[in-house]
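**Q**
Numbering (our numbering), first residue to last: -16 to 250.
1. In its own chain, which residues sit with a C-beta less than 7 Å from the C-beta of residue 157, not counting the 5 before and 5 after it?
2. Around the Cβ of residue 70, are there at least 16 other Cβ atoms within 10 angstroms (buried) or fewer (exposed)?
3. To the nearest angstrom, report how far apart residue 249 and residue 34 are at their CA atoms.
4. Comparing C-alpha positions only, which one of 65, 238, 116 sits nearest to residue 269?
5. Within a Cβ cutoff of 8 Å, which residues of the same chain sit near residue 15, ignoring the five residues on either side of it in sequence?
6. Check whether the Cβ atoms of residue 243 and residue 141 lie closer than 8 Å to each other.
7. Which residue's Cα is closest to the Cα of residue 234: 50, 28, 40, 29?
8. Would you check if the distance between the CB atom of residue 195 and the CB atom of residue 103 is smaller than 8 Å?
9. Does DSSP classify residue 86 as helix, strand or coil?
10. Could you say if the segment 154 to 172 and the segment 46 to 58 meet the contact criterion of at least three C-beta pairs nearer than 8 Å?
11. Which two residues bound the contiguous alpha helix (DSSP H) that contains residue 114?
12. Please classify residue 114: is it buried, with 16 or more other beta-carbons within 10 angstroms of its beta-carbon, or exposed?
13. Identify every run of the beta strand (DSSP E) within the segment 185 to 247, keeping only runs that are complete inside it and at least 3 residues long; order them along the chain.
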């Protein structure tokens, strides 16, 4: 009986020691990993760089992951309409988010920064391009954005229509591109002499810029909107608020964007 009592006592001591040391087999000591949320953003291709930096900041602060579907603004809207999935939409102009809202896709939206068109030409401006009318010259290889696709395409058409030059430039253009990034590549690689791109995407060591007077220009505002079919509406709104915060706008400013509103571009 005494032996049995000693054995039981030893078992209790060992059991207590194992509990203190975490060596019991009944209790798992593996850390509990919380499931990370992922938000999907339909993002205009020309806005990729600042948005990727903002997304990285947000992921570090909150743990929420951000994934992007990149493309022309109209292309993204069509994709969104087809799949009816995703959390946020960030096109290159408010007209696209207004179209999405009319279709019932947008919960909330906010204007962020300006998209200002300029004429981009080869470094040194060897063809002496000085104004929007020069894009109609027959000696220039001009590339333009597809007027049915990216925001820069619809904007270029509006600018040229104001000057009565759209038909000529459209007919003579050597290419119509699906994204503004492709236009930039054309100028940087020397496969085109001139194009209309956004001011914030100008590459100083590869090209020259010619500003378009405000009266002739078609300046846009970049918005961000949350989507009605988001499965994480509160988190989508939180990310939209972060993009529109001082932290987010500071990133846009670093990339050369003008913050909305600005008296220079209003009225």
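For every residue, glycine included, the Cβ atom is placed at its ideal position computed from N, Cα and C.
**A** The structure says:
1. In the chain shown, the residue the question calls residue 157 occupies position 174. Cβ neighbours of residue 157 beyond the five flanking positions: 124, 125, 126, 175.
2. Numbered from its first residue, the chain shown carries residue 70 at position 87. Buried, because 16 or more other Cβ atoms sit within 10 Å of the Cβ of residue 70.
3. One-based indexing of the chain shown puts residue 249 at position 266. One-based indexing of the chain shown puts residue 34 at position 51. Cα to Cα, the separation comes out at about 25 Å.
4. Only positions -16 to 250 of the chain appear in this structure, which leaves residue 269 out of reach.
5. On the chain shown, residue 15 is found 32 positions in, with the first residue counted as 1. Residue confidence for residue 15 is low, a pLDDT of 38 falling below 50, so the modelled location carries little weight; the figure read from the coordinates is stated next. Closer than 8 Å at the Cβ level, and outside the excluded window around residue 15, lies no residue.
6. Looking up residue 243 in the chain shown gives position 260. Looking up residue 141 in the chain shown gives position 158. Against a cut-off of 8 Å, the Cβ pair of residue 141 and residue 243 comes out as no contact.
7. Working through the chain shown from its first residue, we reach residue 234 at position 251. Here the closest residue by C-alpha is 40.
8. Start at 1 with the first residue of the chain shown, and residue 195 comes out as number 212. Start at 1 with the first residue of the chain shown, and residue 103 comes out as number 120. No, the Cβ-Cβ distance between residue 195 and residue 103 is not below 8 Å.
9. As a first step, residue 86 is located in the chain shown; it is residue number 103 there, counting from the start. Looking at residue 86 - three-state DSSP - the assignment turns out to be coil, as it is neither helix nor strand.
10. yes
11. Along the chain shown, read from residue 1 onward, the residue named residue 114 stands at position 131. Per DSSP, residue 114 belongs to no alpha helix (DSSP H) and is neither H nor E.
12. Working through the chain shown from its first residue, we reach residue 114 at position 131. Exposed, because fewer than 16 other Cβ atoms sit within 10 Å of the Cβ of residue 114.
13. 190 to 194, 203 to 210
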